[in-house]
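As structure tokens, the structure follows; a few thoughts come after it.
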Amino acid sequence: MSDPGSTIPAGASPERPSSPGGQPSSARLRDASGPYFGEFGGQFLPEALIPALQEVSEIYAKAAVDPEFTEEIERLAREYSGRPSLLSEVPRFSRLAGGARILLKREDLNHTGSHKINNVLGQALLTVRMGKKRVIAETGAGQHGVATATAAALLGLDCTIYMGEEDTRRQALNVARMRLLGAEVVPVTHGSRTLKDAINEAFRDWVTNVETSNYIFGTAAGPHPFPTLVRDFQAVIGEEARAQTLERIGRLPDAVVACVGGGSNAIGMFHAFLDDPDVRILGCEAAGDGMDTERHAATISKGTPGVLHGARSYLLQDADGQTIESHSISAGLDYPGVGPEHSWLASIGRAEYRGISDTEAMDAFALLSMTEGITPAIESSHALAGALALGRELGEGAVIVVCLSGRGDKDVHTASDWFGLLGEDGAETGEGAARGDLAALRALARTTLEDRATATTEETA
Amino acid sequence: MSARRRAADVLEDCRAQGRAALIGYLPVGFPTLEGSIAAAETLIDHGADMIELGLPYSDPVMDGPVIQASATAALAGGTRNRDVITAVERLAGRGAAILVMSYWNPILAYGTDAFARDLAAAGGAGLITPDLVPDEAADWIAASDEHGVDRIFLVAPSSPRDRLEHVAAASTGFVYAASTMGVTGTRTSVSSAAEGLVARTREAGAPYVCVGLGVSTGAQAAEVAGYADGVIVGSAFVRALAGAEDPAAARGALAAVAQELRGGIDSDRSPRP
């Protein structure tokens, strides 16, 4: 618990003191490990689940120091997920970022197409250690559900995935993928029929079947120990990115950027850099229709502290503490809560969180596709849009590492609607119902070629 | 205020009568605020010793489909947190102890201390907190002590001895024993785990233990009344209320369910420790 002598490390500029009972006794920010991060976190769940949460904590504490477990995690990362993931510099895309150098941490290249596999393999192995035969999980975009169904298939576990009915419609292809992998997918028809309601339903399943089932939580949120557990399994992203950046350019980046829904890819990316005070940390939340509208999912930027899904953290709520439905074109960011460690990092000023609108994200989605031949997930496109803006602020030569948390195959249908790509006769409509102007983005993307041609000519001359 | 009945007052009276207490749950604002108050009055008039007023919440993880639907309807109808205090005010003084059941975030939004103060001033007995464990409840323990309202925490069949002791020590009024691992809703039988859990909770130091989750018939109430200090019924009342076409029909349906449950409880009258 609290050490009255603890200090906030250099680089953190606290806006308010942390409450007692949460501050890690060490000076290093990355040693914080729950149940509280400052005044955020905890275990706000029915008593019935407290023994299960204790079991997860105990099994994990033993596994974390067991070489057999860590070696198995590393082997699966190497031989199954495809780690280490690449660090790709994207020079043409960077030309849209004021000349800053952007490097992408390619979690999209992992098996199953996103960072989610990192966490899921860890938690599935813990499930086996518990002697449980069934896993349950929630999913928004379907990425965590697909990853969980994959790990369950790999390890021979029964698998039930809860998914909001609205999301099963937005991400129909991922529903089919999960079923192909042998999982049962249960559409959730309560409440807003999105991720938050899928989490409620998964908790209801867990409290009923806790003897036989383990809940594989998908993001670095929820009750302790999930925020710490998920963070630890995702921290490999930032550890690799930090080492790869040092090797590639000989110094640390000026900034790291990631999208934040619940916040698992972001905390995985940020964690290795928390005690590098010169590295700016930027989390990009979904601003939906815009930060000045009521239709967004910008939990830290626009929310207030409260309790949801087992933890005290920022959340979107009304004056009575009722959860407000979030809105984002991205199912994976469409969540009115956020992990407690992010709330803490925001409250002490170590990380900065900004909103990125649907339009900004979809522009970045198309621009990365057209300048680099990499189609990102719409979630990750929020981070790309944030990096474009930050690059223009930081200027020429600044180095920005972005977590490209997932690939965009699942989003092609949404993008087709957004940009009007598929008319009834197969022609590109580009107008009418379309909200994005692909022709303008194509023209913008072409300028990066002209710039390069000019630059090359000048260099040659 | 002298008229205010705390949970232990009621449980002590029932024990003196050689029976368990009947505790009826109803969500505030369902079908309307007035409708929910009238429904609670009907339960009190037909044998309920305590009323548990549910504060509707957007994310009720401990509730099954029946109570979820009623909470959604109550919120859609514009129910506010303040309405539960109004309902308590209207129902206090009729002989029953009036409890509130709420998930934690609405209470945080109201203000922990302000809620305890207003609940006591309205004549309420206390608060049941399904997603607040004593470990996270330092502010609530202080506020409930300050204003003299019961804080009722839950135990479950999964609770080991140390948790039972912890919850029993932190609770006032009674300990709420969840009869089964699961959410609210009617069930064809009450889990056999409940009797053992009540015994273990008593051994862990709880003076009164009431059982909820899954009780809907007179026979089930009689069975639970054989070993517990109180029988908590929710979904069966909410279902009766939801199925009624008008207020008169609601009164009739609720009275019938209450009388059946109370009849079951009274069939088990016997001297109690």
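Sequence lines, in order, name chains A and B. Numbers 1 to 461, taken from the UniProt record's numbering, label the letters of the first sequence in order. Numbers 1 to 273, taken from the UniProt record's numbering, label the letters of the second sequence in order. All C-beta atoms in this analysis are idealised placements derived from N, C-alpha and C, irrespective of residue type, glycine included. Keep in mind that this is a model prediction, so the values were computed, not measured.
Shorter than 8 Å from the beta carbon of residue i to some beta carbon of chain B?
i	result
residue 474 of chain A	Only positions 1 to 461 of chain A appear in this structure, which leaves residue 474 of chain A out of reach.
Ala10 of chain A	Here the model assigns Ala10 of chain A a pLDDT of 37, short of 50, so the residue's position is not dependable and the matter cannot be decided.
Ala319 of chain A	yes
Glu138 of chain A	no
Arg193 of chain A	no
Arg204 of chain A	yes
Leu444 of chain A	no
Leu53 of chain A	no
Ile300 of chain A	no
Gly42 of chain A	yes
Thr448 of chain A	no
His296 of chain A	no
Val256 of chain A	no
His413 of chain A	no
Lys196 of chain A	yes
Thr208 of chain A	yes
residue 500 of chain A	Absent from the model: residue 500 of chain A. The displayed extent of chain A is 1 to 461, so no value can be given.
Tyr162 of chain A	no
Pro253 of chain A	no
Gly22 of chain A	Per-residue confidence for Gly22 of chain A stands at a pLDDT of 45, beneath the threshold of 50, marking its modelled position as unreliable; no derived number is given.
Taking only beta-carbon positions, decide if residue i is within less than 8 Å of chain A.
i	result
Asp268 of chain B	no
Arg272 of chain B	no
Glu52 of chain B	no
Gly182 of chain B	yes
Tyr208 of chain B	no
Val61 of chain B	yes
Leu75 of chain B	yes
Leu132 of chain B	yes
Leu154 of chain B	yes
So, at 6 Å on beta carbons, what are the nonlocal neighbours of residue i in its own chain, with the 5 sequence-adjacent residues on each side left out?
i	result
Asn119 of chain A	Val230, Phe233 and Gln234
Tyr227 of chain B	Glu195 and Val198
Gly261 of chain A	Gly332, Leu333 and Tyr335
Leu388 of chain A	Leu96 and Ala97
Ser357 of chain A	Ala287 and Gly290
residue 465 of chain A	Because residue 465 of chain A is not part of the residues shown, which for chain A are 1 to 461, the question remains open.
Gly182 of chain A	Ala153
Alpha carbons only, please: which of the options is nearest the one belonging to residue i?
i	options	result
Asp31 of chain A	A:Ile249, A:Phe273 and A:Thr139	A:Phe273
Ala137 of chain A	A:Cys159, A:Leu154 and A:Thr127	A:Cys159
Gln143 of chain A	A:Asp409, A:Asp275, A:Asp278 and A:Gly34	A:Asp409
Leu22 of chain B	B:Arg272, B:Cys210 and B:Arg200	B:Cys210
Val133 of chain B	B:Leu164, B:Gly18, B:Tyr57 and B:Ala221	B:Leu164
Asp135 of chain B	A:Thr429, A:Ala311 and A:Asn214	A:Ala311
Thr139 of chain A	A:Asp275, A:Ala202 and A:Asp292	A:Ala202
Ala142 of chain B	B:Arg117, B:Ala40 and B:Arg6	B:Arg117
Ala236 of chain B	B:Ala221, B:Gly230, B:Val10 and B:Gly124	B:Ala221
Ser343 of chain A	A:Gly99, A:Arg78 and A:Gly38	A:Gly38
Lys105 of chain A	A:Leu390, A:Arg442, A:Asp275 and A:Val236	A:Val236
Ser88 of chain A	A:Ala241, A:Glu428, A:Thr148 and A:Ala298	A:Ala241
Per the DSSP calculation, residue i is bridged to which residue(s)?
i	result
Met50 of chain B	B:Ile23 and B:Ala97
Arg354 of chain A	A:Cys284
Thr139 of chain A	A:Met163
residue 297 of chain B	Because chain B is modelled from 1 through 273, residue 297 of chain B falls outside the range shown and cannot be assessed.
Pro376 of chain A	A:Arg407
Ala255 of chain A	A:Arg280 and A:Ile400
Ser328 of chain A	None, per the DSSP bridge assignment.
Asn214 of chain A	A:Val135
If I measure Cβ to Cβ from residue i and keep anything under 8 Å in the same chain, skipping five residues before and after, which residues do I get?
i	result
Ala38 of chain B	Pro247, Ala250 and Arg251
Leu308 of chain A	Lys196, Leu315, Gln317, Thr323, Pro336 and Gly337
Asn174 of chain A	Thr139, Ala141, Gly142, Gln143, Gly145, Val146 and Lys410
His46 of chain B	Leu254, Ala255, Ala258, Gln259 and Arg262
Would you verify that the beta carbon of residue i is, or is not, closer than 8 Å to some beta carbon of chain C?
i	result
Pro160 of chain B	Within the model displayed, chain C is absent; protein chains A and B are what it includes.
Tell me which residues share the same chain as residue i and place their Cβ nearer than 7 Å to its Cβ, disregarding the 5 neighbours each side in the sequence.
i	result
Gln171 of chain A	Ala141, Gly142, Ala331 and Lys410
Cβ pair count under 8 Å reaching 3, the stretch 44-56 of chain A against the stretch 197-209 of chain A = yes
Take every Cβ of the stretch 64-76 of chain A, pair it with every Cβ of the stretch 335-353 of chain A, and state whether three or more of those distances are shorter than 8 Å.
-> no
Validate contact between the stretch 438-451 of chain A and the stretch 173-191 of chain B using beta carbons, cut 8 Å, 3 pairs = no
Hey, is the stretch 66-79 of chain B in contact with the stretch 248-259 of chain B, meaning 3+ C-beta pairs nearer than 8 Å?
-> no
Determine, using beta-carbon pairs with one atom in the stretch 85-98 of chain B and one in the stretch 342-353 of chain A, whether at least three such pairs fall under 8 Å.
-> no
Three-pair Cβ contact test at 8 Å for the stretch 157-175 of chain B versus the stretch 199-215 of chain B = yes
Mind the definition here: the stretch 397-407 of chain A touches the stretch 251-265 of chain A only if three or more C-beta pairs lie below 8 Å; say whether that holds.
-> yes
Specify whether the stretch 369-377 of chain A and the stretch 315-328 of chain A touch according to this definition: at least 3 beta carbon pairs, one from each stretch, less than 8 Å apart.
-> no
Quick one: any contact between the stretch 24-39 of chain B and the stretch 106-125 of chain B, if contact means 3 or more CB pairs under 8 Å?
-> no
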